[in-house]
Structures are given as structure tokens and as C-alpha cells.
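The opening position of the sequence shown corresponds to residue 1 in full-length UniProt numbering, with each subsequent residue numbered one higher. Beta carbons: idealized from backbone N, C-alpha and C, even for Gly. One structure is given below, encoded as C-alpha cells.
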Amino acid sequence: MWGGRFAEGPAAVMREINASIPFDKRLWRQDIAGSKAHVAMLGARGIVSPADAETIAAGLDQVAGHYEANGVDEDMVLEDIHMQTEARLADAIGPVAGRLHTARSRNDQVATDFRLWVRDAIDETLATLRGFQSALLTRADEHAASVMPGFTHLQSAQPVTLGHHLMAYHAMIARDVGRFTDARARMNRSPLGSAALAGTGFPIDRDMTASALGFDGPMSNSLDGVSDRDFAIEFLTAATQTSLHLSRLAEEFVLWASQPFGFVALSDQWSTGSSIMPQKRNPDAAELVRGHSGRILGCMTALMVTMKGLPLAYSKDMQDDKPPVFEARDLLALSIAAMTGMVESATFKTERMRGVAEAGFATATDLADWLVREAGLPFREAHHVTGRAVKLAEERGIALDALPIADLKAIDARIDERVYDVLSVDASVASRTSFGGTAPDNVRAAVRAARGDET
Ligand code: ARG
Numbered sequence: 001m002w003g004g005r006f007a008e009g010p011a012a013v014m015r016e017i018n019a020s021i022p023f024d025k026r027l028w029r030q031d032i033a034g035s036k037a038h039v040a041m042l043g044a045r046g047i048v049s050p051a052d053a054e055t056i057a058a059g060l061d062q063v064a065g066h067y068e069a070n071g072v073d074e075d076m077v078l079e080d081i082h083m084q085t086e087a088r089l090a091d092a093i094g095p096v097a098g099r100l101h102t103a104r105s106r107n108d109q110v111a112t113d114f115r116l117w118v119r120d121a122i123d124e125t126l127a128t129l130r131g132f133q134s135a136l137l138t139r140a141d142e143h144a145a146s147v148m149p150g151f152t153h154l155q156s157a158q159p160v161t162l163g164h165h166l167m168a169y170h171a172m173i174a175r176d177v178g179r180f181t182d183a184r185a186r187m188n189r190s191p192l193g194s195a196a197l198a199g200t201g202f203p204i205d206r207d208m209t210a211s212a213l214g215f216d217g218p219m220s221n222s223l224d225g226v227s228d229r230d231f232a233i234e235f236l237t238a239a240t241q242t243s244l245h246l247s248r249l250a251e252e253f254v255l256w257a258s259q260p261f262g263f264v265a266l267s268d269q270w271s272t273g274s275s276i277m278p279q280k281r282n283p284d285a286a287e288l289v290r291g292h293s294g295r296i297l298g299c300m301t302a303l304m305v306t307m308k309g310l311p312l313a314y315s316k317d318m319q320d321d322k323p324p325v326f327e328a329r330d331l332l333a334l335s336i337a338a339m340t341g342m343v344e345s346a347t348f349k350t351e352r353m354r355g356v357a358e359a360g361f362a363t364a365t366d367l368a369d370w371l372v373r374e375a376g377l378p379f380r381e382a383h384h385v386t387g388r389a390v391k392l393a394e395e396r397g398i399a400l401d402a403l404p405i406a407d408l409k410a411i412d413a414r415i416d417e418r419v420y421d422v423l424s425v426d427a428s429v430a431s432r433t434s435f436g437g438t439a440p441d442n443v444r445a446a447v448r449a450a451r452g453d454e455t
């Protein structure tokens with residue numbers, strides 16, 4: 001009674017669940033490149049005739065031209081980009097197309113395509129991260145001596161310079177660049193020639209295909225070649241860590257752009273209005289960078305969980321490796337571009353930052369240190385004396401360096417005029433000259449070192 005419907009239904013769903021063409025069509029350039037390297041090797045080794053190899057290579061160029069002009073069609077019957085391309089190739093050159101898949105499996109084919117794609121994604125990411133770093137350097141240099149409150153527990157702690165704060169992000173991104181660079185070096189080995197899982201009896205030349213595709217050499221174990229996705233996971237972990245760094249800066253921009261902080265005005269290009277509250281300038285891009293980091297982390301988790309229980313070698317679960325990697329790459333590219341734009345164009349409200357640093361008694365530590373150094377007090381006692389000075393300034397609503405000397409002397413007779421040398425926020429930051437400290441000269445030196453022109 002329901003058999004007619006049942007016979008067709010599952011087949012359609014089967015086709016749908018099995019098809020990866022809706023997303024793996026993104027691999028078409030890598031798929032063509034992999035096939036061209038493979039067929040050139042087959043020709044060179046006499047596994048197919050040189051004439052057939054040439055026909056196939058020319059046909060692959062034709063298919064690439066078609067994809068370039070029209071995009072890749074999503075034919076569910078053809079399942080994935082590999083079958084799609086082979087079908088197109090057959091349309092272009094006829095039955096000789098069937099020789100391309102000699103000594104190869106879709107298992108080593110997809111592993112190769114995906115490695116090539118991830119390698120390109122790493123190269124693009126590295127280029128954009130360098131752009132972001134250069135934006136940070138420009139603004140850090142400009143604000144090497146701009147004083148702002150430094151925070152711990154989001155409470156004013158000690159004055160720092162905005163340049164120093166921005167250079168902290170530069171240092172984080174430098175480590176991210178290192179992570180992507182390491183991942184690239186480790187992943188740059190070719191799985192092509194692993195065939196389905198066990199290698200092949202055809203006299204292939206794996207070194208030839210590896211070098212044609214820019215790999216450092218072939219992977220040494222065919223089972224590993226077709227079945228690990230650690231290279232994609234490494235990309236995702238590096239992407240996640242980078243996005244966490246971007247998210248922290250984004251969070252600071254959101255805070256700093258708020259009225260109570262008022263540390264930054266985002267440019268018109270990087271703000272949005274509210275449809276109901278005309279006064280609003282919302283930092284949506286920064287909020288979305290913060291949000292995207294959660295999604296990127298989700299992509300990383302998704303692929304790790306997909307892989308964790310799979311026996312060797314290939315299982316179809318591994319087809320699900322691509323969507324999270326594609327998604328993470330796109331979200332990361334947007335996040336890097338948005339943060340770069342915001343950093344480049346933000347107006348930092350330096351007077352406001354300085355005012356908050358002064359109002360927060362951020363030089364209290366400098367007063368305590370002075371009492372230790374110049375008046376010989378034990379640090380604990382100096383801390384106590386300083387606390388009384390802060391209390392007095394707070395009661396009067398003035399900065400520490402606005403307290404008259406008579407009042408300071410009344411708190412502790414050992415204080416004298418020289419104390420004003422350390423009470424200003426400028427004096428405080430200028431004194432922090434220890435390596436890695438916030439002094440303006442240090443910041444300028446750090447910028448020069450990062451630019452590689454320490455002359
Ligand atoms: N579309 C497949 C994937 O992305 C290609 C490999 C298919 N291999 C197979 N034995 N069915 O994983």
C-alpha cells in the first residue's frame with residue numbers, strides 16, 4: 001500500500017545525504033590541479049599513453065574554463081566535485097576521460113584537494129594578518145606616548161600607553177602567524193598516490209606529483225594519507241586562537257566606544273545606527289567579530305568530534321570535514337578585515353583616556369614606590385601612606401598630583417616636593433623602562449623592532 005512511495009523516497013534522501021557537491025564545489029581549482037598533476041605523471045610513466053595524457057590535460061583546462069565562466073553546477077546525481085569534473089571531462093573529450101582515474105581513488109584525490117585548499121587558506125590568512133599587524137604598528141607608533149588607564153579586574157590599575165596596549169595585540173598576532181606558519185610546514189606533504197587506502201600496483205611516481213603540486217614530498221603512509229585530517233584541525237585551532245585574540249580586541253572596542261568609557265569613536269564606516277534611537281552609533285562589526293569567534297570555535301569542535309572515533313582508513317563521515325573549515329575560513333577572513341579597518345580608522349580620544357587615568361589614581365603605585373626609594377619606608381607602610389593620600393584626593397575630587405604639598409606632608413612628614421616628579425601619569429609611564437614595559441621609548445623601540453628597522 002505504501003511501497004511505491006517508499007521505493008522512491010529513501011533513494012532521494014540517500015542521494016541528498018550523500019551529496020557533497022553543494023559545498024565541495026569550492027574545491028574545483030584544487031581538483032583540477034590535482035588531476036593535471038596526476039595525469040601528467042600517468043603519461044610520464046607510460047601508465048596511459050602520452051597522447052591520451054595530453055588530451056586529458058587539455059580537457060581539464062576546458063572544464064576549468066567552463067567552471068570559471070559558469071560556476072559549478074550542483075548535480076546531486078554526480079555527488080561530488082570529483083565526479084562532476086570527470087563527467088564534464090567526458091562531455092569534453094569522450095571516453096578517454098575514463099583513463100584519468102587510473103591508479104587513484106577519490107580518497108587520495110579529496111585528501112589532496114583539501115590539503116591544497118587549506119594551504120591556500122593559510123597563505124591568504126597570513127597575508128591578511130600581516131596587514132592587520134601593520135595597522136596596529138601604525139597606530140601604536142602614533143600613540144606611543146598617549147596615556148590611558150591600564151586595567152586589572154577592569155579597575156584602573158596603572159597608567160599605560162595606548163601604543164603599548166596595541167602592541168600587546170601585535171605580539172599576540174605574531175604568535176598566531178607562527179602557528180599558521182608551523183601548520184603549513186607540517187601539512188605540506190602529498191597524499192596523492194595513497195590510492196583508496198593501500199597504495200597501488202601501478203608504477204606511479206609520487207615524488208613527481210608531489211612536486212608538481214608544490215608539496216615538499218609524498219606522505220609516507222597510504223593509510224595515514226587518506227584518513228587523517230589533522231592538517232585541517234591545525235588550521236582550525238590556529239584560526240580559533242586568532243579569533244579569540246581578535247575577539248578580545250573587539251570586546252575592548254565595544255567597551256571603549258560606550259559612553260561611560262568614551263575612549264574611542266569608531267568611524268562612520270565601522271558603525272551602524274539604530275532604527276529607533278537616533279543618537280546611537282553601534283559597534284556592530286566589533287560585536288560580530290566577538291560573536292564569530294564563538295562560531296569558529298564551534299567549527300573546530302565539530303571537526304575534532306567528527307574525527308575522534310573513526311577507525312582507519314576513510315569513512316564517509318570525513319566528507320563532513322569541509323563545511324566547518326570553509327565556514328571558519330570565511331568568518332576569520334571577515335573578522336581580520338573588520339578589525340583591520342576598525343584599527344585603521346578609529347579615533348582614539350586621548351584626552352578622555354588621560355583624564356580617566358588621572359581620575360583613577362593610577363599613579364598610586366608610583367607614590368608608594370617613591371616612598372620606598374626616596375624616604376626609605378618598608379613597602380607595606382608606603383602602601384598604607386599612599387592609601388591615605390588616595391582617600392584625601394578622592395574626597396576632594398582631584399588627581400593625586402593636584403594635592404598640595406602641605407596636605408601630603410600632613411599625611412607623612414617624609415614626603416617632599418620631589419614626589420611630584422612621579423605623581424603625573426606621564427612621569428609614571430616614562431619610568432616604566434624595564435624590558436617589555438610601557439614607557440613611550442620602549443613602545444617606539446618595539447615598533448621599530450617589529451618593522452625590522454632597528455637602525
Ligand atoms: N566526496 C567525498 C568526500 O568528500 C569524496 C571521497 C569519497 N570516497 C568514497 N570512498 N566514497 O569525502
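**OP:** For Ala210, I'd like the list of residues in its chain whose CB is within less than 6 angstroms of its CB, leaving aside the five on either flank, ordered along the chain.
**Re:** Ser190, Gly217 and Pro218
**OP:** Could you tell me how far apart the beta carbons of Asp31 and Ile81 are, in whole angstroms, since I believe they sit closer than 8 angstroms?
**Re:** 5 angstroms
Original post:
Hey, quick one: how far does the beta strand (DSSP E) through Met277 stretch, first residue to last?
Top reply: Careful: Met277 lies outside any beta strand (DSSP E) and carries neither H nor E.
Original post:
Under the criterion of a Cβ to heavy atom distance below 7 angstroms, does His82 qualify as lining ligand 1?
Top reply: yes
Original post:
Would you call the region 364–384 and the region 279–294 touching, i.e. three or more CB-CB distances under 8 angstroms?
Top reply: no
Original post:
Would the region 137–144 and the region 419–434 be scored as touching if the rule is three or more Cβ pairs under 8 angstroms?
Top reply: no
Original post:
Is any heavy atom of ligand 1 found at a distance shorter than 7 angstroms from the C-beta of Val110?
Top reply: yes
**OP:** May I ask which residues mark the beginning and end of the alpha helix (DSSP H) holding Met364?
**Re:** Correcting the residue type first, residue 364 is Ala in the shown sequence and not Met. Note, Ala364: alpha helix (DSSP H), Ala364 to Ala375.
Subject >> Cα-Cα separation, Asp407 to Leu137 >> reply: 43 angstroms
**OP:** Could you tell me whether the Cβ atoms of Glu332 and Ser434 are closer together than 8 angstroms?
**Re:** It is Leu, not Glu, that sits at residue 332 in the sequence shown. Cβ distance not < 8 angstroms, so Leu332 and Ser434 don't count as in contact.
Subject >> Boundaries of the alpha helix (DSSP H) in which Gly65 is found, first to last residue >> reply: Pro50 to Asn70
Original post:
Met318: beta carbon under 7 angstroms from a heavy atom of ligand 1?
Top reply: yes
**OP:** Quick one: grab the DSSP three-state call for Gly150.
**Re:** strand
Original post:
What did DSSP end up calling Thr272 once you bin it into helix, strand or coil?
Top reply: strand
Original post:
At what residue ranges does the region 402–445 contain a whole run of the alpha helix (DSSP H), taking only runs of 4 or more?
Top reply: 405–411, 420–423 and 425–431
Original post:
What's the C-alpha gap between Ala359 and Cys299?
Top reply: 44 angstroms
Original post:
What do you get for Val339, buried or exposed, if any count of 16 or more other CB atoms within 10 angstroms of its CB means buried?
Top reply: It is Met, not Val, that sits at residue 339 in the sequence shown. Per the 10 Å Cβ criterion, buried.
Subject >> C-alpha gap between Ala183 and Phe235, whole angstroms >> reply: 7 angstroms
Original post:
The beta strand (DSSP E) with Ala157 in it runs from where to where?
Top reply: Gln155 to Thr161
Original post:
Where do the ends of the alpha helix (DSSP H) carrying His38 lie?
Top reply: Trp28 to Ala44
Original post:
Going along the chain, which residues of its own chain have a beta-carbon closer than 7 angstroms to the beta-carbon of Gln319, five neighbours each way excluded?
Top reply: Ser20
Original post:
How far does the alpha helix (DSSP H) with Thr386 in it reach, from first residue to last?
Top reply: Phe379 to Arg396
**OP:** Return the Cβ separation of Glu351 and Ala135 in integer angstroms, given the expectation that the two are a contact with Cβ distance under 8 angstroms.
**Re:** Glu351 to Ala135, Cβ: 23 angstroms. No contact.
Subject >> Paired residues, beta bridge with Val254 - DSSP >> reply: None, per the DSSP bridge assignment.
Subject >> Contacting residues, own chain, Cβ-Cβ under 6 angstroms from Ala37 (five flanking each side not counted) >> reply: Thr209, Ala212 and Leu213
Original post:
Which residues in the same chain have their Cβ closer than 8 angstroms to the Cβ of Ala174, if we skip the five residues on either side of it in sequence?
Top reply: Gln133 and Ala450
Original post:
Would DSSP call Phe348 helix, strand or coil?
Top reply: strand
Original post:
What is the rounded straight-line gap between the Cα of Thr161 and the Cα of Phe231?
Top reply: 39 angstroms
Original post:
Assuming Gly201 and Ser222 make a contact with CB atoms under 8 angstroms, what is their CB distance in whole Å?
Top reply: About 12 angstroms; that fails the 8 angstroms criterion.
Subject >> Per DSSP, cross-strand counterpart(s) of Ser105 >> reply: According to DSSP, which records beta bridges pairwise, Ser105 is partnered with nothing at all.
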